[in-house]
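Q:
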Amino acid sequence: MSYENIEFELADAIARITLNRPDKLNSFTAAMHGELADALAQVETRGARVLVLSGKGRGFCAGQDLSERQMSAGSAPVDLGATIEKYYAPLVRRLRALPMPVVVGVNGVAAGAGANLALAGDIVIARQSASFIQPFCRLGLLPDTGGTYALPRLVGQARAMGLALLGDKLSAEQAAQWGLIWQCVADDQFDARLEELALHFAQAPTKGLAYTKRALNLSLGNSLDEQLDLERDLMRELGASADYAEGVAAFLGKRPPVFKGQ
């Protein structure tokens, strides 16, 4: 499948998806969603060990392209619930479930669904000049694409309420200080940092990282007893993995490990 709204490549175990509608700040259309779904199917099946998601141009993603939401006089209301069910919810679920780290590089403004798409990643870095905005309140809507789930868990209820109800712009530096993202990076160091993370995870023990991601995500709804049982079960599996054997052998042999992601 050829892509018009995204760029996709997979080489050396690194999958890269770049949103590619720079003239529209990479805002979502139905066509872009279709291309993202196809690219993610390849990420899931072609041996990737890390996914790097970023945007082209001066923005990461400005959310939904509202030109697809224009209504003529007397037309039926747009079913936004159907849009969530068909596009945004499956996208977030897929990213969260990927058995590998998802690194998101926020290169510019991340607004609405674009901001919350970024928060669906595992490691999120942003240019110092980037910003995050929850503008749903200005349209009479609520933060979708997992926004109402991620915001209070990442920054707490008070800050989540402020971001969602006021729609104020949050700088990348403040986002990092609040714990919304992992790291704010100087603009001239951003590309190098993103590449550094991609190369790191492409050589890391992928299965162990995937299980770590799974355990941390499940912990949000588990009791302590449930989480301890989950840790037991997952560690039992990882203890039989090739990467664990290699990690122990490398430690005892005082050499760098060579992980295969298995």
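The letter at position 233 of the sequence shown is residue 232 when you use numbering that gives the first Met the number 0, and the numbering goes up by one with no holes. By construction, the Cβ of each residue, glycine as well, lies at the ideal position given by its N, Cα and C atoms.
Tell me whether Thr144 sits in a helix, a strand or coil according to DSSP, three-state version.
A: It is coil, neither helix nor strand.
Q: Using the Cα positions of Glu271 and Ala239, report the straight-line distance between them to the nearest angstrom.
A: Limits of the chain in this structure are 0 at one end and 261 at the other, which puts residue 271 out of reach.
Q: Suppose the cutoff is 6 Å on Cβ atoms and the five residues either side in sequence are ignored; what does the same chain contact list for Tyr2 look like?
A: Around Tyr2: Glu34.
Q: Using the Cα positions of Arg158 and Lys253, report the straight-line distance between them to the nearest angstrom.
A: Spanning the two alpha carbons is a distance of roughly 46 Å.
Q: Kindly indicate which three-state DSSP category Ile83 falls into: helix, strand or coil?
A: If DSSP states are grouped into helix, strand and coil, Ile83 belongs with the helices.
Q: Closer than 7 Å to a non-hydrogen atom of the ligand NAD - does that hold for the CB of Ala239?
A: The ligand NAD is not part of this structure, which contains no ligands at all.
Q: If you drop the 5 nearest sequence neighbours on each side, which residues of the same chain put their C-beta closer than 6 Å to that of Glu273?
A: With the chain running from 0 to 261 in the structure shown, residue 273 is simply not present.
Q: Rounded to the nearest angstrom, what separates Arg57 and Asp242 at their Cα positions?
A: Rounded to the nearest angstrom, the two C-alpha atoms are 39 Å apart.
Q: Within this structure, are the beta carbons of Asp108 and Leu165 separated by less than 8 Å?
A: Looking at the sequence provided, one finds Val at residue 108 rather than Asp. Against a cut-off of 8 Å, the Cβ pair of Leu165 and Val108 comes out as no contact.
Q: Gly33 by DSSP, collapsed to three states: which one?
A: Helix, per DSSP.
Q: Determine the DSSP secondary structure at Gln127, reduced to helix, strand or coil.
A: In the structure shown, Gln127 sits in coil (DSSP, three-state: anything other than H, G, I, E or B).
Q: Run through DSSP, which three-state label would Gln226 get?
A: DSSP places Gln226 in helix when its eight states are reduced to three.
Q: For Glu172, which residues from the same chain have a beta carbon less than 8 Å from its beta carbon, with the 5 sequence-adjacent residues on both sides left out?
A: Only Gln127 and Cys183 meet the Cβ criterion.
Q: Please classify Val42 as buried or exposed, where buried requires at least 16 other C-beta atoms within 10 Å of its C-beta.
A: Buried: at least 16 other Cβ atoms inside 10 Å.
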